[in-house]
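Below: one structure, written as structure tokens.
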Amino acid sequence: MSTNTVRLAGEIAEISRPGLYLDQRERVTVCVEGAEPLYAELRLPNDRGWSLGQKVMVTIALADSEGSRDKIA
């Protein structure tokens, strides 16, 4: 882990039904510990099959100079 990254603990706090979104994908809400209240929740597609109450680690890293984004593997 480089000095240009931040890691914060989180927890899956909610799982949303697929029908709530146009793409029909289930979403999870991740509550991020240590984040400001406005940014403490992330909503992500549940492509990994995460479950309610599961602990996760959120990593924030600088993008490369060309601005490309890495896809989660």
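For the sequence shown, our numbering begins at 992 and goes up steadily by one.
Ideal placement from N, C-alpha and C gives every residue a C-beta, glycine not left out.
Host beta strand (DSSP E) of residue i (start-end)
i	result
GLU1032	1032 to 1036
SER1042	It is not in any beta strand (DSSP E) - SER1042 carries neither H nor E in the DSSP assignment.
ARG998	996 to 1007
Same chain, Cβ closer than 8 Å to residue i, five either side skipped, listed in chain order
i	result
MET1048	ARG998, LEU999, ALA1000, GLY1001
Contacts around residue i, its chain only, beta-carbon distance under 6 Å, and the 5 residues preceding and following it disregarded
i	result
GLU1017	PRO1009, ASN1037
GLN1045	ILE1003
ASP1041	Correcting the residue type first, residue 1041 is Trp in the shown sequence and not Asp. Within the same chain, TRP1041 has close Cβ partners ILE1003, VAL1019.
Inter-residue CB distance, residue i and residue j (contact presumed, cutoff 8 Å)
i	j	result
GLU1071	VAL1019	This structure does not reach residue 1071, given that the chain is present from 992 up to 1064, and the question cannot be answered.
ASN995	ALA1054	So it is not a contact: roughly 10 Å between Cβ atoms.
Chain-order list of residues whose beta-carbon lies under 7 Å from that of residue i (same chain, five-residue window excluded)
i	result
ALA1031	CYS1022, VAL1023
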